[in-house]
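**Q** Quick note, my numbering runs 16 ahead of the 1-based positions in the sequence shown.
Glycine residues also receive a C-beta, built at the ideal position from the N, C-alpha and C atoms.
Predicted model, so just to flag it, every value in this text is computed and none were measured.
Would you mind keeping the following structure in view while I ask a few things?
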Amino acid sequence: MSQLHDLYYFLSPTPLAAEMAKGLLQRLRGPCGAGRGEPMSLDRLHITLHSLGRFLNSIPREVIDMAVAAGSAMDHEPFAVRLDVLQSRGGLEKGTFGTVELAPKAGAARELRGFLQALGNTMRRMGFAETQIRSHFNPHMTLHYKHERIDPMVVAPVAWTVTQFALVDSLYGLSRHDVLAHWTLKARQQVFLDW
Numbered sequence: 017m018s019q020l021h022d023l024y025y026f027l028s029p030t031p032l033a034a035e036m037a038k039g040l041l042q043r044l045r046g047p048c049g050a051g052r053g054e055p056m057s058l059d060r061l062h063i064t065l066h067s068l069g070r071f072l073n074s075i076p077r078e079v080i081d082m083a084v085a086a087g088s089a090m091d092h093e094p095f096a097v098r099l100d101v102l103q104s105r106g107g108l109e110k111g112t113f114g115t116v117e118l119a120p121k122a123g124a125a126r127e128l129r130g131f132l133q134a135l136g137n138t139m140r141r142m143g144f145a146e147t148q149i150r151s152h153f154n155p156h157m158t159l160h161y162k163h164e165r166i167d168p169m170v171v172a173p174v175a176w177t178v179t180q181f182a183l184v185d186s187l188y189g190l191s192r193h194d195v196l197a198h199w200t201l202k203a204r205q206q207v208f209l210d211w
């Protein structure tokens, strides 16, 4: 049987941030779509940075090698992510379902966008095609893939400091993410203690 593989760069929340995000779903009322009614599991919560392609049965070794080289070449400091708007995407027609996601307030994701752009520039240098480098970015973390549409609401922020990112093989339709590589972001600024 054939299997589709999606290759992504991901950011994952810390365990505490993931628990806070899941707690927000308890506030929701309304039906879920048949067959996909469960929310995302804690270990699958993420923000997608770049999608490097969809592949049938396996990801070519040269694509993985290029993606690992780009990730290894990144030199970026840790940065803060703050998601404080619970909203829907899709599910506009009566009887249809869409996603429920957490997003930042408008204009509040400067550091996240800066990291995405830096990673895209590194990918260019490593030979990735422009079609593999995201040009439009609506940062969000999907909490539920098939839920009745909700009105946007400001919520207590789910925030964390990003200290790593990962290259992930997402097995389409199996709810499985295999981490192929991950990298740690390192602070370059020295911390000065009070004398």
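From this set, 196, 191, 202, which residue's C-alpha is nearest residue 20's C-alpha?
**A** 191
**Q** Does the Cβ of residue 121 have 16 or more other Cβ atoms within 10 Å, making it buried, or fewer, making it exposed?
**A** exposed
**Q** Please report the straight-line C-alpha distance between residue 146 and residue 117, rounded to a whole angstrom.
**A** C-alpha separation (whole angstroms): 27 Å.
**Q** Mind checking residue 188: buried by the 16 CB within 10 Å criterion, or exposed?
**A** exposed
**Q** How should residue 88 be labelled, buried or exposed, when 16 other C-beta atoms within 10 angstroms of its C-beta is the threshold for buried?
**A** exposed
**Q** Contact between the stretch 158-169 and the stretch 78-96: three or more CB pairs below 8 Å?
**A** With a cut-off of 8 Å on Cβ pairs, the stretch 158-169 is not in contact with the stretch 78-96, counting fewer than three such pairs.
**Q** To the nearest angstrom, report how far apart residue 131 and residue 179 are at their CA atoms.
**A** Distance between the alpha carbons of residue 131 and residue 179: 12 Å.
**Q** Go ahead and pull the three-state DSSP assignment for residue 89.
**A** helix
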